[in-house]
Each structure stands twice: as C-alpha cells, then as structure tokens.
Amino acid sequence: MTTPKEPSSPEHRTALVTGGTGGIGLAIARRFQADGMQVAVLDLDRPGARDIAAEHGLTFIRADLGQREDCRRAVDETVAALGGLDVLVNNAGFQHIAPVADFPEDTWDAMLRVMLTAPFLLSKYAWPSLIRSGQGRIINVSSIHGHVASPFKSAYVSAKHGLIGLTRTAALEAGEQGLTVNAICPGYVRTPLVTGQMADQARTRGISVEEVEQRVMLESAAIKQLLNPEDIAALASYVASPAAWGMTGAVLDLDLGWTAR
C-alpha cells in the first residue's frame, strides 16, 4: 500500500490549466493562485490572451491542442518555466451545434482532438512530472453531458463521455504512484461559451435566448440558476489540495440537480 508523500509547501506547487485565459479555466487558474500555486495557462494565441495572463501574473503557454506536437511542447515549456508540475487541469474545449446528419466532419474531428485526445496526450506527457511531485493531480473538466445527451451536440457529448472513461482508467493506473485523477461535471455555467451556445440553440430551435436558458438549459435543474465559473474553481481547489489525496476516479457532479432525475 502506497503512503502519500508529505506535500511540499504551497508556494512550490505548480499547475497547468488549459483554456486558462477565460471562463472556467481562468477562474480555476486564479483560485489556484489564491491557494499559493504558481500557475501556467495554456491557450491559443488569440487576441488578448497574453495580456490576460500577464494581467493576472500567469505564465502563458501558447499551444494548439489539436496538434500532437503542441501538447508535448506545452508540457515541456510548463515544467521548464515553473520548475515542475503538480496539477494538470484539462479544461479547454469548444462547441458546435448541428444535427448528426449535418454535422461537419472536420469540426467533429477537431472537437475530439481538443477535448479528448489532447487530455490523453497532456496526461501522458505530464505523467512523469506528476509522479515525481508525490502529490500529482489530474483534473478533467467534463460536463453533465459526460452522463447524458442533448440534441445537436454529438461531438461535444461524445468527447465528454470519453473524458470520464479516460479519468477512471487513468485513476486505476496511477493510484499506487500517488497520482490522483478526477473529473468535474458542471451543469451550465455562465461563460462566453455557454452564451454562444444559447444563441446557437435559439437559432436552431427558433426561440429566444431567454427561452433557451429556462426551457432548455435549466428545465431539468432543481436550482433554476446558471453556475458561475468561480463555483467550479472552488471545487477544483479542493480536488487539487493535499486534503483530497484519497479521492481518485471520482466523477464530481456540480450540476444544480440536473442529473438527479
């Protein structure tokens, strides 16, 4: 039986958060900073991304997660910049709304590369550093759509289901090495991505954005209110903490009661 190693002091813990310059990713990165970690955020070199990272004192790692070589380089650059890696958060993703019969094949491929293949590759490449940490954490940001489906989201739902399977498998393999692997499954969170989804759903269904929020996104929820990114960050903070050393292979729902039915 493996005994957990004594955790290093908070100021020496390090984290890499993908999709970390906006929405849930940025909220997690800032919460980790408040917890005393040094944090790198990975994102496309989109307008303003470097400025956001610099504004918050985050190390910016430019990468296209659809490219295998970028995944390896991103891990190497993070370890070099921060002196190691204790926590990997696989959060990056994007959305496209379309029926299966009309779903663009190249978009399907791109979504699965970013939201399923990239978490596998980043975990694989970060594995040695996370094991050396003695308190390594992989946190995969899945979704309620990792449990259930909604129309017009075939690629997103497939990727999020797959991410839960990856989480559970990696947890079984990593347990004796002191590395934990868990998934967080949020309900709908008020982010630019979800705002865009609501607009897409409104066009697809021929209803207003307000009707999408209440009739589609919150209809099955027990709490009729969208989550905020900081709510997800608070849960990630605990999962990343030394106190959570015994939690692995867990799929943690923060979904307003959406999947309780």
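Using my numbering, the letters of the sequence shown map in sequence onto residues 194 to 454. Even for Gly, the Cβ is constructed at its ideal location relative to N, Cα and C. No experiment lies behind these values; they were computed from the predicted model shown.
For residue i, which residues in the same chain have their Cβ closer than 7 Å to its Cβ, ignoring the five residues on either side in sequence?
| i | result |
| --- | --- |
| residue 416 | 449, 450 |
| residue 347 | 293, 296 |
| residue 341 | 452 |
| residue 345 | 290, 291, 292, 397 |
| residue 393 | 290 |
What separation, rounded to the nearest whole angstrom, lies between the Cα atoms of residue i and residue j?
| i | j | result |
| --- | --- | --- |
| residue 405 | residue 321 | 44 Å |
| residue 438 | residue 357 | 19 Å |
| residue 271 | residue 398 | 43 Å |
| residue 455 | residue 425 | Because the chain in this structure spans residues 194 to 454, residue 455 falls outside the shown range and cannot be described. |
| residue 396 | residue 288 | 15 Å |
| residue 275 | residue 408 | 45 Å |
| residue 245 | residue 442 | 32 Å |
| residue 174 | residue 364 | Shown here, the chain extends from 194 to 454; a query on residue 174 therefore has no answer. |
| residue 200 | residue 328 | Any reading at residue 200 must be qualified, since the residue scores a pLDDT of 49, below 50, and its modelled position is unreliable; the value itself is stated next. Their Cα atoms are separated by approximately 6 Å. |
| residue 361 | residue 375 | 8 Å |
| residue 237 | residue 273 | 19 Å |
| residue 314 | residue 266 | 11 Å |
| residue 311 | residue 240 | 22 Å |
| residue 411 | residue 391 | 12 Å |
Within its chain, find whatever has a CB closer than 8 Å to the CB of residue i; leave out the 5 residues flanking it on each side and keep chain order.
| i | result |
| --- | --- |
| residue 195 | Here the model assigns residue 195 a pLDDT of 39, short of 50, so the residue's position is not dependable and the matter cannot be decided. |
| residue 306 | 258, 259 |
| residue 386 | 216, 286, 287, 288 |
| residue 389 | 288 |
| residue 349 | 286, 288, 289, 304, 308, 336, 338 |
Got a sec, what are the start and stop residues for the beta strand (DSSP E) residue i sits in?
| i | result |
| --- | --- |
| residue 444 | 444-447 |
Based on the DSSP output, what are the partners of residue i in its beta bridges?
| i | result |
| --- | --- |
| residue 379 | 447 |
| residue 255 | 236 |
| residue 260 | BP columns for residue 260 are empty, so no partner. |
| residue 208 | 232, 280 |
| residue 145 | This structure does not reach residue 145, given that the chain is present from 194 up to 454, and the question cannot be answered. |
| residue 420 | 382 |
With residue i as the anchor, note down where its alpha helix (DSSP H) starts and where it stops.
| i | result |
| --- | --- |
| residue 293 | Per DSSP, residue 293 belongs to no alpha helix (DSSP H) and is neither H nor E. |
| residue 218 | 216-227 |
| residue 336 | No alpha helix (DSSP H) holds residue 336; DSSP gives it neither H nor E. |
| residue 362 | 347-367 |
| residue 301 | 298-305 |
| residue 243 | 242-248 |
Counting only the same chain and skipping the five closest in sequence on each side, list residues whose C-beta sits under 6 Å from that of residue i.
| i | result |
| --- | --- |
| residue 319 | 268, 278, 281 |
| residue 355 | 309 |
| residue 423 | 220 |
| residue 419 | 381, 383 |
| residue 330 | 280, 373, 433 |
| residue 445 | 377 |
Would residue i pass as an interface residue toward chain D - the criterion being a Cβ-Cβ separation below 8 Å?
| i | result |
| --- | --- |
| residue 454 | This model lacks chain D altogether; it includes just one protein chain. |
Regarding residue i and the ligand ATP, is the C-beta to nearest heavy atom distance less than 7 Å?
| i | result |
| --- | --- |
| residue 281 | Of the ligands one can find in the structure shown there are none, so the ligand ATP has no counterpart to examine. |
*contact_flag[the segment 278-286, the segment 203-212] where n(CB pairs < 8 Å) is 3 or more*: Output reads yes: the segment 203-212 touches the segment 278-286.
*Tell me, please, whether the segment 336-347 touches the segment 377-395 by the rule of three or more beta-carbon pairs shorter than 8 Å.*
Yes, the segment 336-347 is in contact with the segment 377-395.
*How do the segment 420-439 and the segment 218-228 stand: do at least 3 beta-carbon pairs fall below 8 Å, yes or no?*
As far as the Cβ criterion goes, the segment 420-439 touches the segment 218-228, which means the pair count is three or higher.
_With three or more beta-carbon pairs closer than 8 Å as the criterion, would you say the segment 287-302 touches the segment 227-245?_
Contact fails: fewer than three Cβ-Cβ distances are below 8 Å.
*Counting Cβ pairs, one atom from each stretch, are 3 or more of them under 8 Å apart for the segment 321-331 and the segment 238-257?*
Segments in contact, no.
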